[in-house]
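Written below as structure tokens is the structure these notes are about.
Residue numbers (this note's numbering): 3 to 802.
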């Protein structure tokens, strides 16, 4: 019989180890720092969070699972201490036993208190700690709530601290659906199926390509067609995976893999055949800092890469696709990846606010990109950069000697390229410390020459020492004078990733304007009774184009056209008749009889607006892209209720379908249809062909209808739908379409199809909650943590 002082006495007393495979409770010696999270489908689904302390696993049941959103405080109920051996448990606890149900090892890693804190703080009712797991990382807080009444268990709150690892509200629980050790789903664990066999993928490592460069502008561009990203203070890097291992290239094509070993190690775990564009940084006080990065390169310090574009994947070149489509693919590729390579998020249509916030926080600035633009290996106006302070590269022409002891020079002489060759651009004498001054002096010594490399007045040549102009330095400065010289310059670092011949003066130009598509008769009322016009719809589409394009771009479309408004004749159009203009494209697709027909598709905001100009209200899309129309990249289950059913019935059905899909390892997302129902959207990695996807959707829907015939029906026959919800799986077959996220609907009130988070669905009372009047709110929602990662998951259909 266990002693009273045994911290595992309660654990052992609750279990019959002759029936359960859970390990018996034995107190371990020593002090480790493991943590695990086990997804536990018992009386109700929850996540058991466990920290190793004093030879046991201190445990909390987190009812809704952990959230990466610092604004989310998740209830964590303290449970009995568990033995350390429990950290490896995954399986089924028999029904009737304590905690009976399926247990998945959902995350694991190590933990440590933040500086100045310790595990003893738990006795005080709080713990501030850092996790280094596969899924949960960064700083977290556990805080005990004040006891209430005759409370039998301790109630705590688990919350993410705002840092570089913070993220979407439900990203973890909605998309991380398999075991972190065996890769099994909850259903496979429940059925005691073995871990899935991993098949090694083969793909060549892509070659270096010229990166796209941004044009410096004087103001943040306005309009919904722009995405805005943080401008990172680091080294631009292209990551190529596959072959004998990853390669990291600078913007000029130099192989710098050896300079960033941690990033290369993280890239080795990515799928082969990728070419990513991003920036390697090192953080100081939570912000990228170039000097810290240089020190990290020398000393082997920590670095991260923020990836902001996907140029190629195993299926081919993606550079001709719209930026939003490429970023959607990139986010899917990086879901669950090594956190040393992180997805660089963006905001849409709110660039001024982001710019002000970044400048206030001490960041370098922002980069604004056209959401609909392809990737081009040159400097273009589809990528614009706006800087908080003046900062650019200069060529080092020489130096002025210093009279101070131990200081190798007083200042550096700078130049830039212009027509006719190098031009003197002033000098820099601040921003140096002993280390970087010694580094610069050592680099200058072998380049010494007797004559100046540029024409200079005698007063500026006096006392100077000259070098062959090969070294490049990054300099911050207040402004250029009327003579083209820098004022109040400060040295940042030497730049080995840019050639001296490419260093020119960066002069801001005016920011770009919106796409030019003429909308005729903008005053025409197309939503009678709502007094909404063709111009109103065009303004909405232009504003939310960055939200529409991830699903609409490069996808065969069917358009609902209502040239005289929704109150009159409307019709579907899927074939190109040549009347939409150059911004709307066509792809020939074979139909059933083998005849090939031109199907419509768009690539950018101009294409969307051209469709609106031709009377389009609704955008419906295939479940596959034009790059490979035979391999779907999504499934859609459209829940269509019978007339007598309440919207609450539809919401409950959507939750249940999502749960069943989750048991199969498939992440799903909710979208209000803008009509009567809810769409359950299942993103797919384009791998299976149409017959396979159709068969899965058919079997899944019919299984639900058979299990709950009073609630669901999987056939279209009206007579069989009385009082039930039709699970419309027929949209998951070749040639069928579904309304796209953020498309307007040709219905009273001008509602739109709107993505929603699962946790907010219960509080919404209509499938037409948002309308074309709500563009600003929809843009704000899309940039919120609530919808971070909506519709993105790297997953394939289960093999069954």
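C-beta: ideal position from N, C-alpha, C; glycine also.
When you compare the CB positions of residue i and residue j, do they come within less than 8 Å of one another, or not?
i, j, result
"residue 649", "residue 768", "yes"
"residue 600", "residue 692", "no"
"residue 280", "residue 791", "no"
"residue 544", "residue 748", "no"
"residue 231", "residue 289", "no"
"residue 335", "residue 272", "yes"
"residue 513", "residue 386", "yes"
"residue 102", "residue 44", "yes"
"residue 686", "residue 789", "no"
"residue 502", "residue 536", "no"
"residue 214", "residue 367", "no"
"residue 373", "residue 548", "yes"
"residue 400", "residue 469", "yes"
"residue 333", "residue 794", "yes"
"residue 47", "residue 29", "no"
"residue 276", "residue 314", "yes"
"residue 352", "residue 309", "no"
"residue 176", "residue 760", "yes"
"residue 225", "residue 781", "no"
Per DSSP, what kind of secondary structure is residue i in: helix, strand or coil?
i, result
"residue 428", "strand"
"residue 572", "coil"
"residue 4", "Residue placement at residue 4 is flagged as unreliable, the pLDDT there being 45, under the threshold of 50; the coordinate-derived value follows with that caveat. If DSSP states are grouped into helix, strand and coil, residue 4 belongs with coil."
"residue 603", "strand"
"residue 83", "strand"
"residue 411", "coil"
"residue 320", "coil"
"residue 315", "strand"
"residue 732", "coil"
"residue 202", "For residue 202, the predicted model reports a pLDDT of 49, less than 50, meaning its position is unreliable; a value from the coordinates is still stated below. In the structure shown, residue 202 sits in coil (DSSP, three-state: anything other than H, G, I, E or B)."
"residue 659", "helix"
"residue 720", "helix"
"residue 420", "strand"
"residue 124", "helix"
"residue 692", "helix"
Can you grab the Cα-Cα spacing for the pair residue i / residue j, in whole Å?
i, j, result
"residue 84", "residue 211", "53 Å"
"residue 740", "residue 563", "15 Å"
"residue 184", "residue 192", "13 Å"
"residue 597", "residue 590", "9 Å"
"residue 151", "residue 78", "18 Å"
"residue 264", "residue 138", "19 Å"
"residue 438", "residue 420", "28 Å"
"residue 707", "residue 553", "29 Å"
"residue 113", "residue 755", "42 Å"
"residue 525", "residue 614", "13 Å"
"residue 642", "residue 622", "17 Å"
"residue 146", "residue 59", "18 Å"
"residue 67", "residue 495", "44 Å"
"residue 441", "residue 665", "57 Å"
"residue 519", "residue 542", "14 Å"
"residue 774", "residue 608", "18 Å"
"residue 341", "residue 312", "17 Å"
"residue 20", "residue 100", "13 Å"
"residue 41", "residue 283", "34 Å"
"residue 628", "residue 787", "31 Å"
"residue 783", "residue 349", "10 Å"
Drop a sphere of 10 angstroms on the beta-carbon of residue i, count the other beta-carbons inside from all chains shown, and report buried for 16 or more, exposed for fewer.
i, result
"residue 186", "buried"
"residue 522", "exposed"
"residue 461", "exposed"
"residue 681", "buried"
"residue 118", "exposed"
"residue 194", "exposed"
"residue 714", "buried"
"residue 331", "buried"
"residue 52", "buried"
"residue 711", "exposed"
"residue 696", "buried"
"residue 490", "exposed"
"residue 455", "buried"
At the 8 Å Cβ level, is residue i part of the contact set with chain C, yes or no?
i, result
"residue 528", "Chain labels in this structure do not include chain C; a single protein chain is all it has."
Within the chosen definition, does the segment 576 to 584 reach the segment 600 to 616 through at least 3 CB pairs nearer than 8 Å?
yes
Cβ contact (3+ pairs, closer than 8 Å) linking the segment 653 to 671 and the segment 305 to 320: no
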